[in-house]
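Quick note on the working numbering: the sequence shown kicks off at 2 and runs consecutively.
This report refers to the structure that appears directly beneath it.
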Amino acid sequence: MALAYSAGSLVAARSREWVVLPESKPDLLVLRPLGGSDDDIAAVFPAFEKVKAAEFAAPEPSDLGDQRAAGLLRTALRIGFRSGAGPFRSLAGIAVEPRAYQLVPLLMALRQKTARILISDDVGIGKTIEAGLIASELLAQGEATGLAVLCSPALAEQWQQELRTKFGIDAELVLSSTVSRLERGLDLGQSLFDKYPHVIVSTDFIKSTRHRDDFVRHCPDLVIVDEAHTCVAADDTSTGSQNQLRYELLRRVAEDETRHLLLVTATPHSGKESAFRNLLGLVKPELASASLESEAGRKLLAQHFVARKRADVRQYLTQGDGLEDDSLAERTVFPSDRYFKDETYKLSPAYRALLDDAIEYAGERVRAAGSQNRRDARIAWWSAIALLRSLVSSPRAAAQTLTTRSAAAIARSAEEADRFGAPLNSDSADSDALEGMDVAPGAETEDAGARLAELAARAAELAGTEHDLKLKALIKHLKALLADGYNPIVFCRYIPTAEYVAEKLKEKGGVRAEVEAVTGTLSPQQRIEKIDKLAEKAGNGPAARRVLVATDCLSEGVNLQHYFDAVVHYDLAWNPTRHDQREGRVDRYGQKRDEVRVITLYGADNGIDGKVLEVLIKKHRQIKKDLGISVSVPDEMSTGVTDAIVEWLLMRGRDGEQEALFGADAFTTATAKLDTDWNSAAEREKASRSRFAQRSIHPQEVAREVAAIRDALGGAGEIDTFVRESLGALSAVIRPVGPSGPTGGNFTAQVGGTPAGLRDALAPVIGAEAVEKDRPISFHADPAVARGEAALVRTDPVVAALAAHVLNAALDTQADEARPARRCGVITTEAVGTRTTLLLVRYRFHLTLPSRSGNKQQVAEDARLVAFQGSPKNAVWLPEEQAVALLNATASENTDPHFGERTMTRILGQLGDVKMHLEEYGDGLAAALDASHRRVREATTRSELRQIVRGLSVKAQKPADILGAYVYLPAAPAAAGARSTDGASA
2 MALAYSAGSL
12 VAARSREWVV
22 LPESKPDLLV
32 LRPLGGSDDD
42 IAAVFPAFEK
52 VKAAEFAAPE
62 PSDLGDQRAA
72 GLLRTALRIG
82 FRSGAGPFRS
92 LAGIAVEPRA
102 YQLVPLLMAL
112 RQKTARILIS
122 DDVGIGKTIE
132 AGLIASELLA
142 QGEATGLAVL
152 CSPALAEQWQ
162 QELRTKFGID
172 AELVLSSTVS
182 RLERGLDLGQ
192 SLFDKYPHVI
202 VSTDFIKSTR
212 HRDDFVRHCP
222 DLVIVDEAHT
232 CVAADDTSTG
242 SQNQLRYELL
252 RRVAEDETRH
262 LLLVTATPHS
272 GKESAFRNLL
282 GLVKPELASA
292 SLESEAGRKL
302 LAQHFVARKR
312 ADVRQYLTQG
322 DGLEDDSLAE
332 RTVFPSDRYF
342 KDETYKLSPA
352 YRALLDDAIE
362 YAGERVRAAG
372 SQNRRDARIA
382 WWSAIALLRS
392 LVSSPRAAAQ
402 TLTTRSAAAI
412 ARSAEEADRF
422 GAPLNSDSAD
432 SDALEGMDVA
442 PGAETEDAGA
452 RLAELAARAA
462 ELAGTEHDLK
472 LKALIKHLKA
482 LLADGYNPIV
492 FCRYIPTAEY
502 VAEKLKEKGG
512 VRAEVEAVTG
522 TLSPQQRIEK
532 IDKLAEKAGN
542 GPAARRVLVA
552 TDCLSEGVNL
562 QHYFDAVVHY
572 DLAWNPTRHD
582 QREGRVDRYG
592 QKRDEVRVIT
602 LYGADNGIDG
612 KVLEVLIKKH
622 RQIKKDLGIS
632 VSVPDEMSTG
642 VTDAIVEWLL
652 MRGRDGEQEA
662 LFGADAFTTA
672 TAKLDTDWNS
682 AAEREKASRS
692 RFAQRSIHPQ
702 EVAREVAAIR
712 DALGGAGEID
722 TFVRESLGAL
732 SAVIRPVGPS
742 GPTGGNFTAQ
752 VGGTPAGLRD
762 ALAPVIGAEA
772 VEKDRPISFH
782 ADPAVARGEA
792 ALVRTDPVVA
802 ALAAHVLNAA
812 LDTQADEARP
822 ARRCGVITTE
832 AVGTRTTLLL
842 VRYRFHLTLP
852 SRSGNKQQVA
862 EDARLVAFQG
872 SPKNAVWLPE
882 EQAVALLNAT
892 ASENTDPHFG
902 ERTMTRILGQ
912 LGDVKMHLEE
922 YGDGLAAALD
932 ASHRRVREAT
942 TRSELRQIVR
952 GLSVKAQKPA
962 DILGAYVYLP
972 AAPAAAGARS
982 TDGASA
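Structure below.
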């Protein structure tokens, strides 16, 4: 039985009109509402429901709009497209507008039969968006059927939210806390990776042998690995290490040559060349051993590796990139610099005495244990470090550490003591995860209770600014930051310290700001909710001030640039990479401050901080300043230096001179090795950034696709004009905010006086309470906006809701509310010298797209403006750019409504004469789209190219829909005569 309705045709059912989709069967029609989104797709059984062929209704000549009507209708239509006809199938339907430079990894992926990409752009550039773009596109094209994201459990919920809200991908969380619930819903013998096509998986949960095998057997055909540098091991890494277990997992996942694999990391170099080579080997085995000094090796790497600094993308698609002009230039706003200030404090006499007694006790323990056996020595060592770090952190952290049993005390061997003690007491850049690492470490051992209890009681008495001069210094510097308009984050090492600091800041003598603490005691989702509540409580006005006190549970993955713009390191990390991670939470794309301030507090006389700052932190800053990127210090080198500092501190005795540290043999040896290895890593990174920079996709290629996307979907200027004019016509109150830019600038809008239909459309987006209380909606030209604000881009939910209302109102001639867009118009203007008719035409295309699962049929839409001079029968067609220019034509005088209606009636009655031209124009668009799809899929080898484009075709559905018709009449001295003449010649 043949289909009664072909794909792409219009049908009427359920009191509305629909487009028939290719998935339809003879007895089942799969339909999308005309002008609707994929969320509105429905299935209809023609045997049980009335379905009939439908034709798109012609415009009504009496429904005349003003000079803005055509432009508003066109933009509203284009914003509503969720299935654009261009080669990027997903861009019309996602809720994010990518920067031009973020299309580079996508283009690289589409030119490979199996996408294998290492995305190593700098912190804050948008690697998550780049990976999400590739994933959504491969899924939309049918090149992938499922997705797995491997990440830290702390980042799992953020990945879930990003995929759902930005890309429309619903992924299930597979974590140690969720797997039991998920497995209860499985059928006998079913894998949860078969039941759930899209999953976000904790790397540390899935790497265990029990779960790894099941995951590898049922792994989706598209895998994203976040923080991929933590999932590879150097050749000299022990087989039982956590990195080695993760590497074994990824090696088995990558063995399937048909599986798409996206590795994401800002630091591909961990300081060891073999680890970097193993990372490249996951992408393509040949890269593990290829000579990257040769032209062939660099060319091979360029196909799979993209690594850019902020300076590379701050100004993009300019004449400096080889383009003819700056018409497509894009400026991405990053903070221009970080302002570093190192502030010192000194211990009070009581705190000094406590620290000295603690050091003396710890030294005695280490020396005594060293004479017994290696196990006891390592337990004593980790207990001593825990004691010293917590004392330097805060009185509360010290008191808790002194009364908590050491994690290493239960160890049965020296190796176990190191495995238990190291994660809590050092700051490895490659920690399994930051979860649970902010608890106060224990220092108590079996026979030390009374002595430590006495020290703990003394520590508890030191709380407050009288004896804790570190806290006093913090309050001073926070007040200065707040006075300058900054909203800082205070990073602490331990949970007790963060809670203590937050409490003291709220007390009398603290700071005049909203203060909250966020630590590892909260789940990742609870942390985000608490931060949002803090921002909401503080408000958005110029006088709003907020302070967040946090542990390193927020130092990775969570983006805080919309709420905070300064960082205070209350506790020094012993690995400078951790400082860079903390600062990267606010110093990233979307930060409105041009300068992010960073204050580092350090003790001048505690024997530890000054040396860590001098040897590790400042050197890290200098390397980043020189290279423009962060270079990780090798963990064992950093640990060697801090171990030497602690050892010297414990062994020097109460009266030793601190300056003698720099002459100590162990310290001198450790710092010399650190300098050598770190400088070597920096040089390798510098060489790789210059030699292996992304060269496979040239800016001219990106510019060509950006121009095509903007031509089909609209650019920033068009959206800005649409939002302002539509809201103004709907009686919204618009107020400018700040200086105007090239596309208008920021503004707020109150919609309390707009039609009920618009308010109803906005309520689910911005909240019913915000609509009811008529709170101003903030619109920003920059697409990186905070929650509750709107971006002037087509994918923003507020803009989409406004466009849907304008489009629906334009199509409903019976609506009694304001209708900014109309389907007809007669405008008298000086912009034309002869009568000119502008048509807004909607085209539908049948796309046959090849994929690994076979050819995929899709229906896509496009909206075009075409214009002709004279009568339809003798039309003189204008170039497309002249047709678009008519949208900017302004009326020079009013046109009599009765005359306008008669003119429109004649023109509409003669549009059958242009049908052939519109069909030929549609065929030309289809040919151009076909060429565009082939161009984007241009593979690196001819054999791959044949496979990627085999069966590809694009055909126009006929007839096209004339959505709007607008007549432009030339202004003349004898207006009436001119109109009479024009009317007669129609």
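Every residue gets a Cβ at the ideal spot worked out from N, C-alpha and C, and that includes glycine.
Per the coordinates, the alpha-carbon of residue 807 lies some 8 Å from the alpha-carbon of residue 73.
Separation of residue 932 and residue 79 (C-alpha to C-alpha, rounded to the nearest whole angstrom) is 22 Å. Per DSSP, residue 501 is not a residue of any beta strand (DSSP E); the alpha helix (DSSP H) it occupies stretches across 496 to 507. In terms of CA proximity to residue 400, 456 leads the group 877, 605, 456, 356. Between residue 125 and residue 501, the CB-CB gap reaches or exceeds 7 Å. Note that the region 878 to 891 does not touch the region 813 to 824; fewer than 3 beta-carbon pairs, one per stretch, sit closer than 8 Å. Using a Cβ distance threshold of 7 Å, residue 289 and residue 298 do not count as a contacting pair.
Of the residues 15, 312, 342, 354, the one whose Cα lies closest to the Cα of residue 334 is 312.
With fewer than 16 other Cβ atoms from the protein chains shown falling within 10 Å of its own Cβ, residue 340 counts as exposed. Per DSSP, residue 544 is not a residue of any alpha helix (DSSP H), being assigned neither H nor E. According to DSSP, residue 316 shares a beta bridge with 332. In this chain, the beta strand (DSSP E) harbouring residue 865 covers 857 to 870.
By the C-beta criterion, the region 543 to 554 is judged not to be in contact with the region 762 to 777, since fewer than 3 inter-stretch pairs fall below 8 Å.
Assignment of beta-bridge partners to residue 747 by DSSP yields 738. It is roughly 9 Å from the alpha-carbon of residue 845 to the alpha-carbon of residue 20. Just measuring C-alpha positions, the residue of 504, 541, 971, 381 sitting nearest residue 551 is 504. For residue 346, the uninterrupted beta strand (DSSP E) run begins and ends at 338 to 346, by DSSP.
Beta bridge pairing from DSSP links residue 780 with 748, 791. Counting of Cβ neighbours within 10 angstroms places residue 54 among the exposed residues, the total staying below 16.
The beta carbon of residue 964 is closer than 6 Å to those of 841, 843 in its chain, skipping five residues each way along the sequence. Beta-bridge pairing by DSSP links residue 830 to 892, 971. Beta-bridge analysis with DSSP links residue 201 to 150, 174.
In this structure, the alpha-carbon of residue 119 lies about 48 Å from that of residue 366.
When rounded, the separation of the alpha-carbon atoms in residue 802 and residue 330 is 29 Å. Distance from the Cα of residue 63 is smallest, within the candidate group 930, 907, 971, for 907. Taken atom to atom, the span from the alpha-carbon of residue 576 to that of residue 140 is near 40 Å.
According to the DSSP assignment, residue 954 belongs to the beta strand (DSSP E) that extends over 954 to 957. Shown here for residue 720: same chain residues with a beta carbon closer than 8 Å to its own, the five before and five after excluded, namely 76, 80, 793, 794, 795, 800 in chain order. In this model, residue 770 and residue 890 are separated by some 40 Å (Cα to Cα). For the 7 Å CB-CB criterion, residue 216 and residue 207 form a contact. Judged by DSSP secondary structure, residue 844 falls within the beta strand (DSSP E) whose first and last residues are 837 to 850. Around the beta-carbon of residue 566, 16 or more other beta-carbon atoms lie within 10 Å, marking it buried.
Burial check for residue 328: the Cβ neighbour count within 10 Å stays below 16, so the residue is exposed. In the three-state DSSP reduction, residue 95 falls in the coil class, being neither helix nor strand. Taking 7 Å as the cut-off, the beta carbon of residue 559 is found no closer than this to the beta carbon of residue 584.
For residue 706, the enclosing alpha helix (DSSP H) covers residues 700 to 714.
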